[in-house]
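Q:
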Amino acid sequence: MYRYRLEDCCPYWVDFELDGDVVHNVKFNGGCNGNLKAIAKISEGRTVDELASYWEGNTCGRKQTSCADQFIKGMRACQAGVPPFVLKNNSKGLRP
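Mapping to the working numbering: the sequence shown position 36 is 77, numbers consecutive.
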């Protein structure tokens with residue numbers, strides 16, 4: 042199981058499993074509950090590359106990123122061996 046902290050979007054982090062490049066058991070913490078449940082369902086059993094073809098570079102409102110875009114960045118980082126769980130200190134305190 043990987044946990045990746047999302048940047049500049051509503052959810053705090055996303056948990057997921059990778060079996061090779063196939064995605065399983067996606068769960069977001071925070072954010073728009075219904076939309077993120079849909080992203081999790083759509084992701085199940087698909088490859089990182091397939092999901093990236095839909096969501097990489099997606100933006101939300103005036104932000105330069107989105108939940109889906111950050112999810113792709115997290116999966117790519119984990120594939121590249123970047124540590125998947127990072128605590129960062131911000132105005133809300135320490136959080137993953």
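The beta-carbon is built from N, C-alpha and C at its ideal position, and this holds for glycine as well.
Under a Cβ-count criterion, where at least 16 other Cβ atoms within 10 Å of its own Cβ denotes burial, should S94 be classed as buried or exposed?
A: S94 comes out exposed.
Q: Report all residues from its chain with a CB closer than 7 Å to the CB of C51; omit the five preceding and five following residues, and keep chain order.
A: Within the same chain, C51 has close Cβ partners G71, G72, C73, C108.
Q: Let me check you understand the geometry: is the CB of R103 closer than 7 Å to at least one non-hydrogen atom of the ligand FMN?
A: Looking for the ligand FMN in the displayed structure turns up nothing, as the structure carries no ligands at all.
Q: Report the three-state DSSP secondary structure of C82 (helix, strand or coil).
A: The amino acid occupying residue 82 in the given sequence is Lys; Cys does not appear at that position. If DSSP states are grouped into helix, strand and coil, K82 belongs with the helices.
Q: So if DSSP puts W54 in a beta bridge, which residue, or which two residues, is it bridged to?
A: Partner(s): R46, N70.
Q: Which value, in whole angstroms, describes the spacing of the CA atoms of G98 and D60?
A: For G98 and D60, the distance between alpha carbons rounds to 24 Å.
Q: Would you kindly work out how many angstroms separate the C-alpha atoms of R44 and K78, rounded to a whole number?
A: Those two C-alpha atoms are separated by around 16 Å.
Q: Does the beta-carbon distance from G86 to V67 come in below 8 Å?
A: No. Outside cutoff.
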